[in-house]
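In full-length UniProt numbering, the protein residues as written are 6 to 888.
Just so you know, even glycine gets a beta-carbon here, dropped at the ideal spot from N, CA and C.
Here's the structure we're looking at; comments come further down.
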Ligand code: ADP
Ligand code: MG
Ligand code: MG
């Protein structure tokens, strides 16, 4: 079998499409080589080797060794250097690269092939001893950290102490001789820590590094990242071995990273940072503050450090041409790494760039306008869940801000929370429902879980491409990076700026759009829903088949839903209207009444209030369908339970406390979720259904009277298991409709349907459909009843189920397509077999979940209904499901 794929010298065995086999980095290195871009030669060891490695008890497949040797010798030919050769050594990097990009998750080793002998060869050939020993010391510390398990910080301590002693601030001040001395100390440290001298054999080094990459696939950091991003374990990682090019060869050398468009705003402008005389991770590590690539960005950043455009105009031009070529070729914004070795440009990586939700919208809309992609593609490129970031608040420009520092606007959005300095602490406080801002000098992959738990992130070091910035943008969290005026003292738990000291636990606000850091909590406002958002949503709407409605009962929610583009109400839970302080008294009177007349009298008090509710909703939803569910929860939910409450309520109602207490006891159920509720109540107390129906029809008539246009109420009966149940209640609804029509002289058009939320209802959908004008799949209850899991009790074990892999996802969040989905499919098919085109939709949390929405499209539902804030997400997800 073929395990190794070569690239370089103007061609490659791989292609961009081979990401599953070569990983993202390897596939794109191959693609760039094929495009004729200057890529240092190298080869990719495929992900299949990683998979085989773990399957075979951490052993490599037969034949790998020979393939690697052959590929290495072709790299030697192209690079005109020899691995391990004392006079002319080939040096390589060993880079991991999984199928999905996992920034910073896996460790790269640079300058491999150096040893005490070859370093002299490198010094002689390059004519630069400082450079050669700088490369060697980097290699020893990186290799020892990644492969031999000697902590990077130990090397940094040696170096830091030395620099302090000499009064150096920059690594570049250290001379060749001084590096040689430091290298001896590094080697001694390694020998002491590992019991063995630092490996001198380049082949041993190479195999050590390859093994380390494969092993890092199962490292804690990688596992966390995969879990957070649902990346399957069996994908494996590839390993890229590539000839080194050097950005640390003095003032004519540099290294940098760039995006073809601004990843924070989406603006069409080359965007990036670089460092002169630096190597590899220096730019993102935040050790030196990087310089801007373009002159425009330098001016905007008010930076004195010259731009690449200024100091190397020719190389800049070539770089810009490469960027343009790559963006046109991939038809998406690219995130690239490059190195300039003594004036010669080398491309080291390209990938589709991560971006904020705002930038994603702008880029998609712009690229469609530029003709680079179609509108369909633009719609498909936006992750529906990411819209959430745009729908949430930003800082109120009018609110008072006590700005204590300004850093870089690394990831937009605003957040307030208490200061924490430690990722574990952030996670712990989050689990206690506290809102925290993670404050660090800089972040590393070890902090990912804390970043996840935090509302926002603040660092005092690092640029726009620092770890904190890149990861925060990916997560959609506000981030301010490089706020250099702030002094963090981890040990004391303080943050100091200009004489002000904040402590751990104090509240701060970060605004990742402006880079400002503020003391205390600052008010926020709703986001703007026009511009690119509106454009993209209108395209989505034009491709979407399913309707999108909202679950809403209050006027506020209904209005929010309309603003977000809801096309009606899919679920109005009428009981929510009963909890109002004024009404609850009448509701309770109705419940404790033991005669029908008393009950009717109490209901008569509720009628005008309920009618007003509907008038308001119908007005907001003018001309749109409104599905109203009749009373659903068990009655005990409306009654007081504690003894003192019972006394109080009885007095309020002018009722006998003993009578109330007796009624409370009578209504107690062992399992209310499966008890006297829904249609069962409506059958016991048909007066309730009658009152609610009357309120609905009278409200509709009133709107008709006012506007000449009647809404079309859809009256929905909950928790039906059989047709007979529905018929009982329907009879009453129809009778009331006729009565109201007779009284008012206006016959309102309406329909009567049912929720399908019990497995039996789905199975008997054909006969139920004889009586129902529509179905609405109530997937919250349908999930409970299908699994036999009470949603209110599930929290205790669902987490364990998902973490142990018993459940792939929480079925209350993402629809269980196989089980609950099957019931929806059966219900729809059987219902429609007797009533052609029977209107069917879904309501419940799943109506706003993109994966569940995709399923709804496959069973041809007419609409999904979700909470108001998820309406835009549902519109986009429904469009993507149609395409
Ligand atoms: P990551 O996936 O963390 O970005 P990379 O493999 O891309 O890791 O490498 C880390 C750094 O080392 C990057 O800045 C990259 O450009 C640099 N680098 C990798 N290989 C080489 C090489 N052959 N020559 C010069 N620099 C390299
Ligand atoms: Mg990289
Ligand atoms: Mg229900």
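query	result
Using C-beta distances below 6 Å, list every residue in its chain close to residue 294, excluding the 5 sequence neighbours before and after it, in chain order.	none
Using the Cβ count rule (16 or more neighbours within 10 Å means buried), how would you classify residue 853?	buried
On the DSSP bridge assignment, give the partners of residue 844 in chain order.	779
Beta carbon of residue 589, beta carbon of residue 664: below 8 Å?	no
Of all the CB atoms in chain D, is at least one closer than 8 Å to the CB of residue 718?	Judged by its chain identifiers, the structure shown contains no chain D, having just a single protein chain.
Taking the alpha helix (DSSP H) that residue 319 falls in, what are its first and last residues?	318-335
I'd like to know whether the C-beta atoms of residue 551 and residue 748 end up nearer to each other than 8 Å.	no
What does a CB cutoff of less than 7 Å around residue 700 pick up in its chain, not counting 5 residues either side in sequence?	612, 615, 616, 619
Buried or exposed: residue 781, going by 16 or more other Cβ atoms within 10 Å of its Cβ?	buried
By the DSSP assignment, the alpha helix (DSSP H) with residue 338 in it spans what residues?	Segment: none, residue 338 is in no alpha helix (DSSP H) and carries neither H nor E.
Residue range of the alpha helix (DSSP H) that residue 688 falls in?	684-689
Classify residue 233 as buried or exposed, calling it buried when 16 or more other Cβ atoms lie within 10 Å of its own Cβ.	exposed
Have a look at the DSSP bridge pairing and note the partners of residue 442.	424, 461
Hey, how far is the Cα of residue 372 from the Cα of residue 327?	18 Å
Taking the alpha-carbon of residue 208 as reference, which of 407, 78, 390 has the nearest alpha-carbon?	78
Along the chain, where does the alpha helix (DSSP H) that runs through residue 414 open and close?	Where residue 414 is concerned, there is no enclosing alpha helix (DSSP H), although the beta strand (DSSP E) it sits in stretches over 413-416.
If you check the beta carbons only, do residue 218 and residue 242 fall under 8 Å apart?	yes
Is any heavy atom of ligand 2 found at a distance shorter than 7 Å from the C-beta of residue 339?	no
Pull up the distance between the alpha-carbon of residue 109 and that of residue 99, whole angstroms please.	Note that residue 109 has pLDDT 48, beneath the 50 cutoff, so the model's placement of it is unreliable and no number is given.
Rounded to the nearest angstrom, what separates residue 676 and residue 811 at their Cα positions?	26 Å
When you compare only the Cα positions, how much space is there between residue 7 and residue 256?	42 Å
If you follow the alpha helix (DSSP H) that residue 137 is in, where does it begin and where does it stop?	134-151
Taking the alpha-carbon positions, what's the residue 156 to residue 55 distance?	25 Å
So, with DSSP's three-state summary, where would you put residue 352?	strand
Output needed for residue 662: all residues of its chain with C-beta closer than 8 Å, excluding positions within five of it in sequence on either side, in chain order.	651, 652, 655, 656
If you count every other CB in all the chains shown that lies within 10 Å of the CB of residue 506, and 16 or more means buried, which is it?	exposed
Kindly give me the distance between the Cβ atoms of residue 140 and residue 116, rounded to whole angstroms, as I take these residues to be in contact under 8 Å.	5 Å
In three-state terms, what does DSSP make of residue 87?	strand
Count the other CB atoms, across all protein chains shown, that sit within 10 Å of the CB of residue 535; report buried if there are 16 or more and exposed otherwise.	exposed
Under 7 Å from any heavy atom of ligand 2, does the C-beta of residue 342 make it?	yes
Indicate, with yes or no, if ligand 2 has a heavy atom lying under 7 Å from the CB of residue 354.	yes
Can you tell which of 671, 684, 594 has the C-alpha that lies nearest to the C-alpha of residue 636?	684
Exposed or buried, which one is residue 436 when buried takes at least 16 other CB atoms within 10 Å?	exposed
Looking at residue 9 and residue 73, is the spacing between their C-beta atoms short of 8 Å?	yes
In chain order, what residues of the same chain lie with their CB nearer than 6 Å to the CB of residue 310, ignoring the 5 residues before and after it?	296
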